[in-house]
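Sequences listed follow chains B and Z, in order. Take 0 as the starting number for the first sequence in numbering that gives the first Met the number 0 and just add one per residue. Take 0 as the starting number for the second sequence in numbering that gives the first Met the number 0 and just add one per residue. Here a beta-carbon is modelled for each residue, glycine too, at the ideal position from N, C-alpha and C. Here the structure comes first, spelled out in structure tokens, and everything after it is commentary.
2 protein chains.
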Amino acid sequence: MTRQLIERDILTRFRSLILRRLDDSAVFRIGDLKLAYSTDSFVVDPIFFRGGDIGKLAVCGTVNDLAVSGAQPVYMTLSLIVEEGFPMADLRRILDSIRDTATKADVEIVAGDTKVVGAGGVDKIFINTSGLGIVIREVSGSNARVGDKVIVSGFVGDHGIAILSQREGLDFKVPICSDCAPLNSLVSLILKTSEEVHAMRDPTRGGLATALNEIAIQSGVGIRIYEESVPVRDEVRGACEMLGLDPMYVANEGKVVVFVSSEDAPKVLEVMRGHEHGKDSQLIGEVTDGPRGTVIMKTRIGGERIVDMLTGEQLPRIC
Amino acid sequence: MTRQLIERDILTRFRSLILRRLDDSAVFRIGDLKLAYSTDSFVVDPIFFRGGDIGKLAVCGTVNDLAVSGAQPVYMTLSLIVEEGFPMADLRRILDSIRDTATKADVEIVAGDTKVVGAGGVDKIFINTSGLGIVIREVSGSNARVGDKVIVSGFVGDHGIAILSQREGLDFKVPICSDCAPLNSLVSLILKTSEEVHAMRDPTRGGLATALNEIAIQSGVGIRIYEESVPVRDEVRGACEMLGLDPMYVANEGKVVVFVSSEDAPKVLEVMRGHEHGKDSQLIGEVTDGPRGTVIMKTRIGGERIVDMLTGEQLPRIC
């Protein structure tokens with residue numbers, strides 16, 4: 000329904016050709032430079048979770064949108080909307096986390112805004128970030144090519160299940176951590192390794208399934224995925240069964256899906272596995288010449304099923 | 000207190016020299032270009048008011064921050080946080096207003112984000128905008144010079160009183176309208192008219208008094224203002240008396256205060272008065288060599304009083 004709202008009520012009003020591409024960042028030229036520009040608001044609940052917090056998430060979200068567009072993030076803005084009476088200790092912990100993540104991602108926060116809103120106006124804290132990056136090599140979601148291999152940088156569904164299990168008070172023997180991480184150094188390594196990276200996306204809200212469908216539609220290709228190759232932790236699979244979810248649709252916050260030529264796929268996979276945020280990378284499928292705009296999964300038992308864009312409900316306040 | 004929070008908890012963490020200038024926009028070079036970059040979140044309540052709405056406000060706020068930094072706004076991002084069940088008719092009205100204001104300001108919305116939050120998470124709708132502009136001539140708040148004249152582009156306090164009177168259900172014979180307007184064409188005209196414009200600011204939250212104090216502190220100068228020259232509508236003055244407010248501290252959303260050399264002040268004032276958003280411009284004072292960081296007002300009855308930064312309480316959710 001959010002997608003419908005965006006398509007029917009937003010895109011019809013704002014006739015920007017840049018916006019209409021619906022890529023992770025807006026990419027444009029100013030003078031001699033090609034820049035990428037992106038924004039995201041974060042309303043995650045709980046605000047502190049295993050593996051991160053709303054502050055880390057807000058930096059990573061924007062850094063990753065720029066990175067998967069082929070840009071090196073340079074500058075960011077930070078806008079806080081804080082509920083009156085929000086504990087200062089929590090605010091400081093979030094600000095520390097923002098600082099540490101920005102330092103790690105090597106991005107400078109250059110502008111900001113802070114609003115304090117009376118009780119009932121906002122639940123705890125919302126954060127908006129925007130970011131500006133210099134495009135190293137433009138990577139669009141509309142350029143995946145028939146024959147490309149599809150690589151995902153690690154286990155899927157960790158972020159969503161970390162949030163949900165905390166929200167529902169579920170306990171696991173091995174607690175599930177959010178994968179929230181800045182991906183710009185991994186992506187920059189991938190781009191250095193191959194000139195034949197045709198598309199990238201960070202599969203956040205809506206999970207891997209949504210990201211794959213978006214790329215299949217934007218690029219006008221088919222995508223075939225092998226269920227047994229998609230890395231899912233046992234604990235995440237178990238939690239998904241309990242909660243009635245499909246890990247393919249559960250949010251990630253530190254993963255990238257890469258579309259690269261068949262020839263370059265092995266070396267890209269190898270360098271990804273050598274990086275801290277890509278060590279569990281897997282080749283999960285390939286791009287086919289049809290059916291266009293469709294993602295098909297070869298199941299474990301040898302069948303085939305269509306992985307739709309809109310299965311199940313979107314999880315609220317997951318990021 | 001928000002200022003204290005920003006100074007003590009935010010600026011101590013983010014050591015960006017660009018951020019620390021605390022100007023209306025971050026200004027930096029990328030390649031051969033000088034860019035301005037700014038962000039603002041809008042939480043105004045009510046969301047529709049005489050003279051505008053939260054959407055118009057969100058575009059104008061960012062456009063004006065870029066403009067008073069001496070930049071021509073080019074690209075914007077738009078991020079919506081909407082309460083579940085928010086009426087679609089209201090959302091469409093706000094989106095129309097955003098589109099119309101962006102068209103008027105000649106700025107392109109190139110990226111966005113939309114989050115829908117369950118009831119209790121957010122009150123109606125919050126909007127964040129960020130904007131990127133090309134600096135035509137850098138104008139900082141720290142460059143006001145002794146001898147400069149101070150010009151304000153029209154009546155002060157209209158926005159704050161329009162919001163408050165609606166919130167409090169006050170009725171006036173002549174209803175007060177918000178002054179919310181994009182100022183980039185006015186500012187561009189001012190910059191074309193004089194090479195000796197040394198500082199500008201749009202006096203929003205905290206009103207004219209706060210903007211003048213910020214410039215006095217950043218520039219290390221004194222500012223002397225003549226009370227009788229500050230344009231305040233009779234209805235705004237009356238409402239302020241009723242509500243126990245000082246119009247000098249009440250928010251504006253379509254005003255600019257300009258610091259220009261004494262020689263160029265008359266011609267700048269003249270072109271401002273010829274522009275639709277500057278027709279009630281007034282020369283209200285001048286920059287003095289002391290006391291540094293202090294704004295002094297010559298009152299109607301011939302006395303002098305210090306116009307502090309922090310008189311009275313900040314009005315919540317005024318923008």
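Residue nearest to B:Leu242 in terms of C-alpha spacing, selected from B:Pro265, B:Glu167, B:Arg92 and B:Ile214: Translated into positions along the first sequence, residue 242 of chain B becomes position 243. Checked all of B:Pro265, B:Glu167, B:Arg92 and B:Ile214; the closest Cα to B:Leu242 is B:Glu167.
Cut-off 7 Å between Cβ atoms - residues of its own chain near Z:Glu83, not counting five sequence neighbours on either side: The residue you call residue 83 of chain Z lines up with position 84 of the second sequence. Correct list, in chain order: Val115, Val116, Gly117 and Ala118.
Residue-level contact to chain B via CB, Z:Asn127, 8 Å cutoff: Sequence index remark: in the second sequence, residue 127 of chain Z carries index 128 (1-based). By this cut-off, Z:Asn127 is an interface position.
Under the three-state DSSP convention, the category Z:Thr61 falls into: Taking the second sequence and counting its residues from 1, one reaches residue 61 of chain Z at position 62. Correct three-state label for Z:Thr61: helix.
Local Cβ density within 10 Å of B:Thr298, reported as buried at 16 or more and exposed below that: The residue you call residue 298 of chain B lines up with position 299 of the first sequence. Looking at its Cβ environment, which holds fewer than 16 other Cβ atoms inside 10 Å, B:Thr298 is exposed.
Residue of B:Arg291, B:Met247, B:Ser184 and B:Gly302 minimising C-alpha distance to B:Gly159: For this step, residue 159 of chain B is matched to residue 160 along the first sequence. Considering only alpha carbons, the answer is B:Met247.
Same chain, Cβ closer than 6 Å to Z:Ile97, neighbours up to 5 away in sequence not counted: What you label residue 97 of chain Z is simply residue 98 of the second sequence in a count that begins at 1. Cβ neighbours of Z:Ile97 beyond the five flanking positions: Gly54 and Val58.
Contact under 8 Å by Cβ, B:Thr38 with B:Ser129: Position 39 of the first sequence, counted from the first residue, corresponds to residue 38 of chain B. Position 130 of the first sequence, counted from the first residue, corresponds to residue 129 of chain B. Yes, the Cβ-Cβ distance between B:Thr38 and B:Ser129 is below 8 Å.
Own chain residues within Cβ distance below 8 Å of Z:Arg144, not counting five before or after: Walking along the second sequence from the start, residue 144 of chain Z turns up at place 145. Hits under 8 Å: His197, Ser218, Val220, Phe258, Ser260 and Val286.
Chain-ordered neighbours of B:Ser37 on chain Z, where CB pairs are closer than 9 Å: To locate residue 37 of chain B, count along the first sequence from 1; it is residue 38. In chain order: Thr76, Ala110 and Asp112.
C-beta neighbour in chain B for Z:Gly30, strict 8 Å: Taking the first residue of the second sequence as position 1, residue 30 of chain Z is located at position 31. For Z:Gly30, the answer is yes, since a Cβ of chain B falls inside 8 Å of its Cβ.
For B:Val26 and B:Arg316, the rounded distance between their alpha carbons: As a working mapping, residue 316 of chain B is identified with position 317 in the first sequence. As a working mapping, residue 26 of chain B is identified with position 27 in the first sequence. Near 28 Å, if we compare the C-alpha coordinates of B:Val26 and B:Arg316.
Uninterrupted beta strand (DSSP E) stretches inside the stretch 139-183 of chain Z (no shorter than 3 residues): 148-151
Chain-ordered chain Z contacts of B:Val62 [CB-CB under 7 Å]: Counting from one through the first sequence, the residue named residue 62 of chain B turns up at place 63. Those do not exist, as B:Val62 stays about 14 Å from chain Z at its closest Cβ, beyond 7 Å.
Z:Lys254 to Z:Glu275 span [Cα, whole Å]: Along the second sequence, read from residue 1 onward, the residue named residue 254 of chain Z stands at position 255. Along the second sequence, read from residue 1 onward, the residue named residue 275 of chain Z stands at position 276. Their Cα atoms are separated by approximately 12 Å.
Neighbour flag for Z:Gly159 against chain B, beta carbons, 8 Å: As a working mapping, residue 159 of chain Z is identified with position 160 in the second sequence. No - not a single Cβ of chain B is within 8 Å of the one on Z:Gly159.
Beta-carbon proximity list for B:Pro45, same chain, < 6 Å, skipping 5 on both sides: Against the first sequence, residue 45 of chain B aligns to sequence position 46. If we look at B:Pro45 and ignore the five residues flanking it on each side, its Cβ neighbours are Gln165.
DSSP state of Z:Gly206 mapped onto helix, strand, coil: Within the second sequence, the letter at position 207 stands for residue 206 of chain Z. Correct three-state label for Z:Gly206: helix.
is_contact[B:Phe154, chain Z] using C-beta, thresh 8 Å: For the purposes of this step, residue 154 of chain B is identified with residue 155 of the first sequence, where counting begins at 1. Not closer than 8 Å to any Cβ of chain Z, the Cβ of B:Phe154 fails to qualify, so no.
DSSP-derived helix/strand/coil call for Z:Gly237: Residue numbering aside, residue 237 of chain Z sits at position 238 when the second sequence is read from its first letter. It is helical.
CA-to-CA distance, Z:Ser40 to Z:Cys176, given in whole angstroms: Translated into positions along the second sequence, residue 176 of chain Z becomes position 177. Translated into positions along the second sequence, residue 40 of chain Z becomes position 41. Here the alpha carbon of Z:Cys176 sits roughly 22 Å from the alpha carbon of Z:Ser40.
Other residues of its chain near B:Phe125: CB distance less than 7 Å, five sequence neighbours each side excluded: Start at 1 with the first residue of the first sequence, and residue 125 of chain B comes out as number 126. Same-chain partners within the cutoff: Ser40, Phe41, Val42 and Ile80.
Alpha carbon of B:Arg19 to alpha carbon of B:Leu10, nearest angstrom: Indexing the first sequence from 1 puts residue 19 of chain B at position 20. Indexing the first sequence from 1 puts residue 10 of chain B at position 11. Taking the straight line from one Cα to the other gives about 7 Å.
Boundaries of the beta strand (DSSP E) in which B:Met247 is found, first to last residue: Working through the first sequence from its first residue, we reach residue 247 of chain B at position 248. Element bounds for B:Met247: n/a, residue is neither H nor E.
CA-to-CA distance, B:Leu282 to B:Ile108, given in whole angstroms: By 1-based counting over the first sequence, the position of residue 108 of chain B is 109. By 1-based counting over the first sequence, the position of residue 282 of chain B is 283. Straight-line Cα distance between these residues: approximately 35 Å.
Spatially closest choice to Z:Ala250 from Z:Gln3, Z:Leu56, Z:Asp8 and Z:Leu32, by CA coordinates: Numbered from its first residue, the second sequence carries residue 250 of chain Z at position 251. The shortest Cα separation from Z:Ala250 among Z:Gln3, Z:Leu56, Z:Asp8 and Z:Leu32 belongs to Z:Leu56.
Proximal residues to Z:Pro290 (C-beta, below 6 Å), its chain only, five neighbours per side dropped: Within the second sequence, residue 290 of chain Z is the residue found at index 291, counting from 1. Gly221, listed in sequence order.
Residues that DSSP places opposite B:Ser129 in a beta bridge: Taking the first residue of the first sequence as 1, we reach residue 129 of chain B at position 130. BP columns for B:Ser129 point to B:Thr38 and B:Thr76.
Interface flag, Z:Asp122 vs chain B, CB-CB below 8 Å: For the purposes of this step, residue 122 of chain Z is identified with residue 123 of the second sequence, where counting begins at 1. By this cut-off, Z:Asp122 is an interface position.
Any C-beta of chain B under 8 Å from that of Z:Arg316: Taking the second sequence and counting its residues from 1, one reaches residue 316 of chain Z at position 317. Yes, Z:Arg316 lies at the interface with chain B (some Cβ there is under 8 Å from its Cβ).
Separation of B:Gly50 from B:Cys318, as counted between CA atoms: In the first sequence, the residue the question calls residue 318 of chain B occupies position 319. In the first sequence, the residue the question calls residue 50 of chain B occupies position 51. Each residue's alpha carbon lies about 13 Å from the other.
C-beta neighbour in chain Z for B:Ser141, strict 8 Å: For the purposes of this step, residue 141 of chain B is taken as residue 142 along the first sequence, with counting starting at 1. Output row for B:Ser141: interface = no.
Terminal residues of the beta strand (DSSP E) in which B:Thr113 lies: As a first step, residue 113 of chain B is located in the first sequence; it is residue number 114 there, counting from the start. That run of the beta strand (DSSP E) goes Glu107 to Val116.
Distance CB(B:Val138)-CB(B:Gly69) smaller than 8 Å: Translated into positions along the first sequence, residue 138 of chain B becomes position 139. Translated into positions along the first sequence, residue 69 of chain B becomes position 70. Yes, they are a contact pair.
Within chain Z, the residues that B:Ile133 reaches when beta carbons sit closer than 9 Å: Locating residue 133 of chain B in the first sequence gives position 134, where the first residue counts as 1. Scanning chain Z for C-beta atoms nearer than 9 Å to the C-beta of B:Ile133 yields Ile29 and Gly30, reported in chain order.
Buried versus exposed, by CB contacts within 10 Å (16 or more), B:Met0: What you label residue 0 of chain B is simply residue 1 of the first sequence in a count that begins at 1. With fewer than 16 other Cβ atoms within 10 Å, it is exposed.
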